[in-house]
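The sequence shown maps to residues 56 to 210 in the numbering used here. We treat Cβ as the ideally placed atom computed from N, Cα and C, and that holds for glycine. For clarity, every value in this text was computed on a predicted model and none was experimentally measured. First up is the structure itself, then whatever we jot down about it.
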Amino acid sequence: MESIDAKTCIPCEAGTYCGVVGMGQCIPCIAGTYSSVVGADSATECVPCVTETYSSVEGAVSIDTCTQCVSGTYSSVEGAVAIDTCTQCVAGTYSSVEGAVSIDTCTQCVAGTYSSVEGANSIDTCTQCATGTHSEQVGASSVNSCTPCVPGTYS
């Protein structure tokens with residue numbers, strides 16, 4: 056921080072603002088926002104991180120501080136401040152998409168497979184039902200969805 060010279064008024068640095076006349080210091084943008092504006096005079100200059108991202112950094116100066124939700128998760132929250140706003144795809148689904156905004160990116164495991172993994176990021180988490188069992192359920196989340204073949208049939 057620069058030393059204060061009472062002869063001049065110093066503009067607030069990027070990532071901060073000052074909306075009050077005569078204030079002696081600038082206020083950092085809150086976590087989940089950023090501002091590249093030098094001399095900002097309002098909190099409205101602090102731009103929220105877009106959906107599918109989050110930032111715990113106060114006084115951020117760039118969108119680069121907004122981190123994308125990892126694959127297997129999604130978030131529709133604007134201005135999120137923590138990774139826990141990234142919701143995991145439910146068991147029986149997976150998503151390889153980073154920065155997803157909707158549960159719609161979570162793809163269901165196909166019939167004949169299941170996955171008990173929450174937040175899965177690959178189809179590889181969908182496990183094939185064991186030999187001699189089958190499942191017609193799409194998006195199954197448990198081995199219990201695999202039922203034995205009836206006499207006279209096999210898998």
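Original post:
Mapping DSSP to helix, strand and coil, what is Val102?
Top reply: strand
Original post:
At a cut of 8 Å, does the stretch 166–185 reach the stretch 106–118 through at least three beta carbon pairs?
Top reply: no
Subject >> Contacts around Glu100, its chain only, beta-carbon distance under 6 Å, and the 5 residues preceding and following it disregarded >> reply: Tyr72, Ser90, Val92
**OP:** Helix, strand or coil for Cys85, going by three-state DSSP, please let me know.
**Re:** The question names Cys, but residue 85 in the sequence shown is Ile. Of the three classes helix, strand and coil, the one that applies to Ile85 here is coil, per DSSP.
Subject >> 8 Å Cβ cutoff met for Gly87 and Tyr109 >> reply: yes
**OP:** Could you pull out every residue in the same chain whose Cβ sits closer than 6 Å to the Cβ of Cys181, ignoring the five residues on either side in sequence?
**Re:** Cys164, Thr168, Ser170
Original post:
By a C-beta neighbour count over all protein chains shown, 10 Å radius and 16 as the cutoff for buried, is Gly174 buried or exposed?
Top reply: buried
Subject >> DSSP three-state assignment for Thr208, whether helix, strand or coil >> reply: coil
**OP:** Within 10 angstroms of the Cβ of Gln143, are there 16 or more other Cβ atoms? Answer buried if so, exposed if not.
**Re:** buried
Subject >> Close beta carbons around Thr140, own chain, < 7 Å, minus the five adjacent residues each side >> reply: Tyr109, Ser130, Val132
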